[in-house]
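Numbering (numbering that gives the first Met the number 0), first residue to last: 0 to 438.
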Amino acid sequence: METLAGRMQAAGKVRAGRRWASAIGICLLVLATAAHGQAETSMSVTTPGDVWNIGTPETAPPWTLPAPWYAVSLKEDGHLILDTVRHTRKPDWHEKYEVTDAANQRDFAEHPPGPEHALDLPATALLGFRLGDVSDLKSSLPLRPGDYPSALPSPALLHDRWQATAQVDGRTWHLSTDSVRRKDGALLAGSLSLVATRDDGQKQVLMPPTEGAAFERQELLWLGTLHSGQHAADLDVLVRRTLLTGQVEYVLRVGGVIGLASFDPDRPYDVFSSGIGGYMTTDVHTSQQRPVPPERFGRAAFSIGDTAWNPAVDEAEKAGLPRVLFDRQLMLDDEKLRITIEYLPRFDATDAPHLTNASGLWGGPVLVKAHFRGKTQVLLESGRLDDGNFSLGLGKLDGEPAIQIGTQPHYNNVFTYDWVWDTGKQRFVRLYKWQSQGC
Numbered sequence: 000m001e002t003l004a005g006r007m008q009a010a011g012k013v014r015a016g017r018r019w020a021s022a023i024g025i026c027l028l029v030l031a032t033a034a035h036g037q038a039e040t041s042m043s044v045t046t047p048g049d050v051w052n053i054g055t056p057e058t059a060p061p062w063t064l065p066a067p068w069y070a071v072s073l074k075e076d077g078h079l080i081l082d083t084v085r086h087t088r089k090p091d092w093h094e095k096y097e098v099t100d101a102a103n104q105r106d107f108a109e110h111p112p113g114p115e116h117a118l119d120l121p122a123t124a125l126l127g128f129r130l131g132d133v134s135d136l137k138s139s140l141p142l143r144p145g146d147y148p149s150a151l152p153s154p155a156l157l158h159d160r161w162q163a164t165a166q167v168d169g170r171t172w173h174l175s176t177d178s179v180r181r182k183d184g185a186l187l188a189g190s191l192s193l194v195a196t197r198d199d200g201q202k203q204v205l206m207p208p209t210e211g212a213a214f215e216r217q218e219l220l221w222l223g224t225l226h227s228g229q230h231a232a233d234l235d236v237l238v239r240r241t242l243l244t245g246q247v248e249y250v251l252r253v254g255g256v257i258g259l260a261s262f263d264p265d266r267p268y269d270v271f272s273s274g275i276g277g278y279m280t281t282d283v284h285t286s287q288q289r290p291v292p293p294e295r296f297g298r299a300a301f302s303i304g305d306t307a308w309n310p311a312v313d314e315a316e317k318a319g320l321p322r323v324l325f326d327r328q329l330m331l332d333d334e335k336l337r338i339t340i341e342y343l344p345r346f347d348a349t350d351a352p353h354l355t356n357a358s359g360l361w362g363g364p365v366l367v368k369a370h371f372r373g374k375t376q377v378l379l380e381s382g383r384l385d386d387g388n389f390s391l392g393l394g395k396l397d398g399e400p401a402i403q404i405g406t407q408p409h410y411n412n413v414f415t416y417d418w419v420w421d422t423g424k425q426r427f428v429r430l431y432k433w434q435s436q437g438c
């Protein structure tokens with residue numbers, strides 16, 4: 000018989016929340032397969048302090064890992080430091096469980112959620128990873144810890160005409176980017192790929208395009224080789240990508256295998272409510288100093304129904320060019336706040352190798368932008384509405400301007416997002432995300 004704890008665990012692995020979509024990136028693309036009929040190698044990736052919820056024991060951390068993981072750090076001189084990780088620790092996120100259906104109280108008491116673990120990464124680590132079958136934590140492909148200089152003199156900002164030459168293990172590689180153009184000749188968001196070609200003509204796609212994604216920056220942090228044996232001739236890379244909304248994503252390629260891990264530097268409250276499961280979880284990061292905002296604050300500014308929203312998105316999609324769909328001029332007390340809702344075309348993969356957008360299941364080509372106090376920022380990426388309205392409200396939290404957005408991209412999933420102005424950062428920071436899933 001399925002328990003409440005089991006339903007909670009299963010839901011945590013499929014919803015677009017921090018615990019699964021961001022905390023652990025599982026081999027979203029395999030570029031190289033093992034020879035002689037062997038199983039494909041996969042990669043699991045996690046960021047510091049995030050909940051590591053794959054195969055952890057029922058005992059509290061610390062726990063000795065059955066097979067080592069590896070930590071990736073970067074020195075100021077660009078060298079990559081690879082360390083062995085053998086233990087877990089308490090996560091930087093605390094998850095509070097609440098039973099919302101009285102019928103599940105007894106089930107919850109008899110089968111409470113187990114303790115949560117995070118990899119005990121060095122303080123300087125950017126991420127942790129392992130190579131091997133994701134379902135078998137007792138074995139992993141061994142790597143050699145140590146100091147690995149980069150084949151490039153410094154981190155490189157990738158763009159659609161970027162080129163470089165690198166020497167790796169005595170071989171010369173010509174590096175370049177490839178991309179797809181929009182109808183107006185500009186770069187199609189998500190279409191940028193990183194390619195390496197050797198003097199003898201051997202070609203490797205180090206980072207393929209990313210379906211449905213758009214990035215503010217993509218930086219090649221390190222290039223070299225960490226892997227020996229079968230894939231010794233493969234180049235390894237570490238890329239840091241910043242989404243338009245400010246979340247950060249790492250792309251790690253080792254031995255021909257790619258893994259993704261993303262995190263939100265704003266560390267917002269992350270709430271998930273399951274109607275059929277009868278429970279609610281609230282994830283809070285140790286660095287979060289702001290109080291939980293009230294469920295509703297301020298006043299309703301405007302709303303757009305699906306009957307107006309979806310045709311505007313469909314028309315822009317057919318044109319294939321950026322377009323302002325809606326433009327609202329608002330007042331917050333005596334200050335002007337402009338909200339634009341814009342369409343940005345994205346790369347749509349066919350059968351070619353590509354990465355999956357790791358920013359979440361509920362994104363899309365629609366950008367919700369705030370123009371305030373001389374600053375413009377993308378608050379949210381969205382798509383078509385499955386039902387209901389897109390609504391936006393304005394108010395103040397602790398005396399600072401705040402925005403609340405509600406949207407329903409799927410009939411069974413309703414989202415509410417809160418932002419509050421941060422004077423030091425001079426932008427709206429993500430404070431709260433609430434996802435209600437009917438079943």
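The C-beta atom is built at its ideal place from N, Cα and C for all residues, glycine as well.
As the structure is a prediction and not an experimental result, all values here were calculated from the model.
Where residue i falls: helix, strand or coil (DSSP)
| i | result |
| --- | --- |
| C26 | Low confidence applies to C26: its pLDDT is 42, below 50, so where it sits in the model is not reliable enough to give any reading. |
| V419 | strand |
| Q425 | coil |
| G115 | Gly is not the amino acid found at residue 115; the sequence shown has Glu there. DSSP places E115 in coil when its eight states are reduced to three. |
| K182 | coil |
| W172 | strand |
| A59 | coil |
| A150 | coil |
| A232 | coil |
| A348 | coil |
Residue of the options minimising C-alpha distance to residue i
| i | options | result |
| --- | --- | --- |
| G437 | T99, I53, K89 and R197 | T99 |
| W62 | D132, P144, K89 and F301 | K89 |
| V291 | R345, T306, D269 and A102 | D269 |
| A311 | D332, A232, R337 and E341 | E341 |
| A348 | W161, G211 and F107 | G211 |
| D132 | T40, A188 and L174 | T40 |
| H158 | P148, R129, H173 and D177 | D177 |
| D183 | P321, P400, P47 and P364 | P321 |
| G254 | D263, H353, L140 and E75 | L140 |
| N356 | V283, H370, F214 and R197 | F214 |
| N388 | G48, I303 and G362 | I303 |
| W308 | A401, S390, P56 and Q425 | S390 |
| L187 | Q104, P364 and P47 | P364 |
| W172 | L393, V204 and P111 | V204 |
| A70 | L237, L331 and Q434 | L237 |
| F427 | H409, P408, K395 and G405 | K395 |
| R266 | H409, T285 and S273 | T285 |
Residue range of the alpha helix (DSSP H) that includes residue i
| i | result |
| --- | --- |
| A107 | Going by the sequence as given, residue 107 is Phe instead of Ala. F107 -> alpha helix (DSSP H) spans Q104 to E109. |
| T306 | D305 to A318 |
N- and C-terminal bounds of the beta strand (DSSP E) containing residue i
| i | result |
| --- | --- |
| A165 | Q162 to V167 |
| Y69 | T63 to L73 |
| V84 | L79 to R88 |
| R197 | S192 to R197 |
| P121 | Per DSSP, P121 belongs to no beta strand (DSSP E) and is neither H nor E. |
| G223 | F214 to G223 |
| K137 | Neither: K137 is in no beta strand (DSSP E) and is coded neither H nor E. |
| A369 | V365 to F371 |
| D49 | Careful: D49 lies outside any beta strand (DSSP E) and carries neither H nor E. |
| D91 | D91 -> no beta strand (DSSP E), and no H or E assigned at all. |
| V204 | K202 to M206 |
| A342 | The sequence shown places Tyr at residue 342, rather than the Ala named in the question. Its beta strand (DSSP E) spans residues E334 to Y342. |
| L126 | L126 to L130 |
| A188 | From DSSP, A188 is part of no beta strand (DSSP E); its letter is neither H nor E. |
| A401 | E399 to H409 |
Residue i beta carbon near the ligand NAP (any heavy atom closer than 8 angstroms)
| i | result |
| --- | --- |
| P114 | With respect to small molecules bound, the structure shown includes none, and the ligand NAP cannot be examined in it. |
Supposed contact pair residue j and residue i - C-beta distance, whole angstroms, cut 8 angstroms
| i | j | result |
| --- | --- | --- |
| L222 | A165 | 6 angstroms |
| L234 | A195 | 5 angstroms |
| T83 | P144 | 5 angstroms |
| L450 | S72 | Residue 450 falls outside the range modelled here, since the chain spans only 0 to 438, and no answer is possible. |
| W161 | S149 | About 16 angstroms; that fails the 8 angstroms criterion. |
| K137 | A66 | 6 angstroms |
Proximity test, Cβ basis, 9 angstroms: residue i and chain B
| i | result |
| --- | --- |
| G405 | This model lacks chain B altogether; it includes just one protein chain. |
Please list the segments of the alpha helix (DSSP H) lying wholly inside the region 236-295, counting only runs of 4 or more residues, in order along the chain.
none
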